[in-house]
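Notes to accompany the following structure.
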Amino acid sequence: MLMMRRGRFPSNDKAKFEEVLSNLREELDPLLSPVQSLVAQKLHVPTASLKWGASTAETSLFGLGAAAFAEVFVIESGYLIVTATESPDVRRLSVALERTDNSNDPSEGMLSFTLATIADQDAAGLLDAVAGKFETALGSSISTFRYTNDRFKELKAEAVSEDLPQSDEAITVSRALSDPDVRKLAINIKSSRGGLLGKELSKYVSEDDRRKDLMNQLLSEGVVTKEVVVVCSGTQSQIVRVIDRTSLDKLAQEGLRCACGKPINEEIPEDLLILTDLAVILLDKSRWLSVLVREELITLGVPREDILLECVIGADEIDCIALVGGELTIFELKDKEFSVGNAYSFGAKMGLLSAEQSVIVTTEFVSPDVKAHFSRSRASDRRVSSRGADNSDTLHYVEGSDFQSELQGVISKIYGIRGRRLLDVAMRSLTPDSASLVAVIESHSVRGEL
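FYI, in the working numbering the residues of the sequence shown are 602 to 1051.
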C-alpha cells in the first residue's frame, strides 16, 4: 500500500527541516545516511562537505527533481520515504499529481517535501505522526495527496455506472455468497418457484452436518429468510404460507381449514427458504463479486470515488474501472472459468480504454489458452512504455475462491510503480554531486593526498 503526504516550506527553513530529519534518524532505522557516511569515510571528508544527489543536468534529463534532503527508513513490512525537492518542476514526478486541497504547485524560493510509506500494512498512523513533527517544526500544513489521471476523469464523466449496495448488510451477504457451496444453494433456491422446502435441501447437500451448517449460515448472514408452508396430507399440495408456526394456531382458532376439511394446524408444516431481496440483487449478474472487489480496493487505499462498477461506455460493458495509485486499471470479473471467448472481448476493452493496468478476477481459473493468447499478443507488440516498464507486466491474473488475498498482491504491485519513482528520487542522494566530488578530489590533490 502506498500512502503519501505533501507540503511546502520556505528554502530558508532548511535547517529546521534537517533537524527533524536528523531526529527521525535517531528514532527510526535509516537506510541512506549510513551509506553516505561510508562513502564520505572512503573520501576522508565529512559527510556534510559533499552535496548529495544527481546534478542539474541529470535531473533535467530524467525529469526528476534534485532532492535537497532525502532519507529512506526501514519500517515494519515496508519503507518510509522522506524527500525535500528544490526543483519547482515537481509535477514531473507524476502523471497529474494533485493535492486534495487543490493548492498550487511549489513556487520558487519554496521546497516541496513528500512523505510516503510503501508497506504491506496500513501505515497511516506512523505517516501522520511523522507529518505532525514536520508541521510543528516548520509551521507548514501537510496534506494527503494522491495521483490523478486525465483518462480516468474522461471515462468517469462518460461512463454510466451502477450504484451497488454499500451497507454492512450487503457486504455480509456478498461474503457469504463468496462461499461456493452457499452460492450454489442460493442459486437453487432462486430457481425454485416460490422458494425451496427445507426437506429438499438434501437434494443439494447430502451430509447432514454440512446441511445444518449451510442452513444456519444462510439465515444468520441474511441470504435467506424462513417461512412456513402448510402441505395438505392428502394431496401434498401447498395450501398456505405463513411467517411462523405460531401463526397456524391463530388461523385455526379463526376457523381456517385445509381444502380437505382438516383444521389448518393439523396439516403438515414445512420450512420454506426464500432469498432475501438483497441476496437476489447481489446474486444477479454476480454483483456480490463486484461488491467484494470494491471493498477490497477501498481497504487497500483506493478512494471509493475512484472506483466505478458495472460501467457502460457506449456499447461496451466494463465490470470495474479504478484509479490505483494513478494507474488507470480495468477489471474483468467472472464467477466461472475465464475462457478464450472472454479474452477477445477483454483484450478489445483494454485497447479501447487505454488501460495502463488490467486485472482478470475469476472465482475459478483462467484457461491456459487465454494466458497463451495474451502472451502471444503482447510478444508481438512488445514495447517499453514511457514509465520504463515492459507492457507484459500490466496484465494480472487473480484466480480461485480466495481471490481477495491474491488481489492484495496485484494492487501492491501496481502501487509499487509509483513507489519505485519515489524511491528513485531518494536513492539518487546516495551519489555525491559530481561538482562537489571533483572539488574534494582537487582539494586532496592540492594537499598531495592523492
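Glycine included, each C-beta is placed from N, C-alpha and C at the ideal position.
Values in this document were obtained by computation on a predicted structure and should not be read as measured data.
- Nearest to Gln-1005 by C-alpha distance, out of Lys-754, Asp-810, Trp-889, Leu-909, is Trp-889.
- Per DSSP, the continuous alpha helix (DSSP H) segment holding Met-1028 begins and ends at 1004-1028.
- Membership of Gln-854 in any beta strand (DSSP E) is not indicated; the residue belongs instead to the alpha helix (DSSP H) covering 847-854.
- Counting along the chain, Ala-949 sits inside the alpha helix (DSSP H) bounded by residues 941-953.
- By the Cβ criterion, the region 934-947 is not in contact with the region 786-796, since fewer than three pairs of Cβ atoms, one from each stretch, lie closer than 8 Å.
- When DSSP states are grouped into helix, strand and coil, Met-816 belongs to the helix group.
- Restricting attention to Val-960, Leu-1038, Leu-954, the CA atom closest to the CA of Lys-754 is found in Leu-954.
- The secondary-structure analysis by DSSP pairs Ile-743 with nothing; it has no beta-bridge partner.
- Beyond the five residues adjoining it in sequence on each side, Leu-632 comes within less than 8 Å, by CB distance, of Glu-672, Val-673, Phe-674, Val-675, Tyr-680 in the same chain, given in chain order.
- Taken in chain order, the complete alpha helix (DSSP H) segments of 4 residues or longer contained in the region 749-804 are 751-759, 769-778, 781-792.
- Residue nearest to Ala-738 within the set Phe-618, Arg-1019, Leu-629, Asp-850 is Phe-618 (criterion: CA-CA distance).
- Separation of Phe-714 and Met-1028 (C-alpha to C-alpha, rounded to the nearest whole angstrom) is 15 Å.
- Per DSSP, Glu-867 lies in no alpha helix (DSSP H) segment and is marked neither H nor E.
- Note that the C-beta distance between Val-831 and Val-824 is not below 7 Å.
- For Lys-935, the beta-bridge partners assigned by DSSP are Thr-963.
- Linking Leu-924 to Ala-771 through their CA atoms gives a straight-line distance of about 23 Å.
- Spatial neighbours of Pro-611 in its own chain (CB-CB distance under 8 Å, excluding positions within 5 residues in sequence) are listed in chain order as Gly-710, Met-711, Leu-712.
- By the C-beta criterion, the region 805-822 is judged to be in contact with the region 773-785, since at least 3 inter-stretch pairs fall below 8 Å.
- Between Lys-734 and Leu-716, the alpha-carbon positions lie close to 12 Å from each other.
- Residue pairing by DSSP places Pro-631 opposite Phe-674 in a beta bridge.
- For Ala-853 and Asp-917, the gap between their C-alpha atoms comes out near 57 Å.
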